[in-house]
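Worksheet for the structure shown next.
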Ligand SMILES: [Zn+2]
Ligand SMILES: [Zn+2]
């Protein structure tokens, strides 16, 4: 399809511009999609504020959570056709590298990220169309479907956390990812403690099912406040960080009981580090893990969660905003106002 489209281009930290560029041309195994919903994400806010290692070109398209309509399809694509409503995630493993052979698909050495949801159109590469793209059922809105990518990451995080029925689980951070953790931990039958510094976010945490909320700015000791809620004050069975703040990673580790699983999910700034008490790690037999990204298996699980109505998808969307107001939406996110914004063209 020839012509120009509106797009938000990232030029550098704090510098995002609303411009016209050429509509992407597609190859024989690709598809062109008209974006109907693009959701704001914490990682887009990070990109906006401090840049992103993969965005080194002068001007980059960004945004990676979207759903839309196929408007043009390559001649070799046989599993989709023009006119279909679809949602896809932002990458697919290569199935050939060392880590893919180990079936550690989120560690694939050849993950290429398909960004560009903050635009009128996006091009979908052939490999993503084949393995990580889904048709949206009629009963599901575009904006609900667009939750697929972040939800797939969180499904991955939940499955790596080994949560059992009646476990006490603390989720540090009640941003979009923390709230998804709360919703999914409740589906596992856990008792959930949500910790955040914002009463507004803790209100959302309650809506998504948190059994206990703690405003970290209103207690002397967040770690003790969490432990006080557990039997014998011994600490939680599973502790999750969804903040990406090194100091909170350290507190998350201290919130676990002996034998706890500690899931340090939120990605921190580059070149940061944390301190861990070696004796605590050893004698408490803690399992401390990092969890990153998604795999096609978790994408499928997330798609089933959205389409089966097991989580309250609509509740994640605070408001609709037009594409030209993207920066306002990111600023609102930066002020921790609302959960996700639905960017439309
Ligand atoms: Zn995201
Ligand atoms: Zn690979």
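Numbering (the numbering used here), first residue to last: 115 to 459. Even for Gly, the Cβ is constructed at its ideal location relative to N, Cα and C.
- Task: May I ask whether a heavy atom of ligand 2 can be found less than 6 Å away from the beta carbon of residue 456?
- Result: no
- Message: Taking 6 Å as the cut-off, is the C-beta of residue 157 nearer than that to any heavy atom in ligand 1?
- Response: yes
- Work out the CA separation of residue 309 and residue 145 for me, nearest whole Å. 42 Å
- Message: Considering only DSSP beta bridges, list what residue 326 is partnered with.
- Response: 307
- Query: Can you tell me the Cα-Cα spacing of residue 430 and residue 259, whole angstroms?
  - Reply: 12 Å
- Is residue 179 buried or exposed, if buried means 16 or more other CB atoms sit within 10 Å of its CB? buried
- Same chain only: Cβ atoms within 7 Å of residue 274, ignoring 5 sequence neighbours per side: 377, 403 and 405
- Message: Which residues does DSSP list as the beta-bridge partners of residue 363?
- Response: DSSP lists no partner for residue 363.
- Can you list the alpha helix (DSSP H) stretches of 4 or more residues lying completely in the stretch 247 to 304, in chain order? 256 to 259, 262 to 273 and 290 to 301
- Within 10 angstroms of its Cβ, does residue 205 collect 16 or more other Cβ (buried), or is it exposed? buried
- Query: Just how far apart, CA to CA, sit residue 139 and residue 288?
  - Reply: 40 Å
- Task: Kindly confirm or deny that the stretch 230 to 242 and the stretch 265 to 282 touch, where touching means at least three C-beta pairs closer than 8 Å.
- Result: no
- Message: According to DSSP, simplified to helix, strand and coil, what is residue 437?
- Response: helix
- Query: Mind checking whether residue 319 and residue 425 have CB atoms under 7 Å apart?
  - Reply: no
- Buried or exposed: where does residue 151 fall if 16 or more other Cβ atoms within 10 Å of its Cβ makes it buried? buried
- Message: Beta-carbon within less than 8 Å of residue 127's beta-carbon, same chain only, minus the 5 sequence neighbours each way: which residues are those?
- Response: 162, 163, 164 and 165
- Query: When DSSP labels each residue in this structure, what does residue 336 get in the three-state scheme?
  - Reply: helix
- Whole-Å CB distance - residue 333 paired with residue 284, under 8 Å assumed: No, residue 333 and residue 284 are not in contact; Cβ-Cβ is about 13 Å, not under 8 Å.
- Is it buried or exposed for residue 449, if we count other Cβ within 10 angstroms and need 16 for buried? exposed
- Task: Starting from the C-beta of residue 436, find all residues in its chain whose C-beta is less than 8 Å away, skip the five residues before and the five after it, and write them out in chain order.
- Result: 457, 458 and 459
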